[in-house]
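With UniProt numbering as the guide, the letters of the sequence shown map in order to residues 1 to 109. Please read the structure below before turning to the comments.
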Amino acid sequence: MNVANTQIQMRKGLLEFCVLHIISRGEVYTSDLIDELTLAQMIVVEGTLYPLLNRLKSAELVTYRWVESEAGPPRKYYSITEEGKNFLLTLSDTWASLVNSTQEITSKN
Numbered sequence: 001m002n003v004a005n006t007q008i009q010m011r012k013g014l015l016e017f018c019v020l021h022i023i024s025r026g027e028v029y030t031s032d033l034i035d036e037l038t039l040a041q042m043i044v045v046e047g048t049l050y051p052l053l054n055r056l057k058s059a060e061l062v063t064y065r066w067v068e069s070e071a072g073p074p075r076k077y078y079s080i081t082e083e084g085k086n087f088l089l090t091l092s093d094t095w096a097s098l099v100n101s102t103q104e105i106t107s108k109n
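Here is the structure:
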């Protein structure tokens, strides 16, 4: 078994939660999402993010708007919807429960 693969899968499992959390702070451009996720070591390849953003948009958890750019093509800026905020609250509760459960298990000798 390869530990690196397991670590990648653990990060992928949390990626949707982290992306929604970042977007919930305010409108965000894709490269800013990538920068924050990379800095936090939560994203391994950029190609992972675009399908996730499309799924979140299709599920009506996020929306986007196009903004003209002086430095090139128009840019997509993402924001969270009301449904997305409710979804994120549920994920936050789940995360807190998972952290508690994990700590309970891993704190025992």
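Note that the Cβ used here is the ideal one computed from N, Cα and C, for glycine as well. Owing to the predicted nature of the structure, the values given are computational and were not obtained by experimental measurement.
Same chain, Cβ closer than 6 Å to residue i, five either side skipped, listed in chain order
i, result
"residue 46", "34"
Sequence-distant residues of the same chain with beta carbon closer than 7 Å to residue i, five excluded per side
i, result
"residue 77", "27, 28, 29, 64, 65, 67"
"residue 22", "28, 33, 36"
Cβ neighbour criterion (16 or more within 10 Å) applied to residue i
i, result
"residue 84", "buried"
"residue 99", "exposed"
"residue 3", "exposed"
"residue 56", "buried"
"residue 88", "buried"
"residue 105", "exposed"
"residue 39", "exposed"
Own chain residues within Cβ distance below 8 Å of residue i, not counting five before or after
i, result
"residue 91", "16, 17, 20"
"residue 81", "60, 61, 62, 63"
Continuous beta strand (DSSP E) assignments of at least 3 residues falling wholly in the UniProt domain "Transcription regulator PadR N-terminal" (19-88): 62-69, 72-80
Inter-stretch contact at 8 Å, needing at least 3 Cβ pairs: the region 48-57 / the region 13-22: Output reads yes: the region 13-22 touches the region 48-57.
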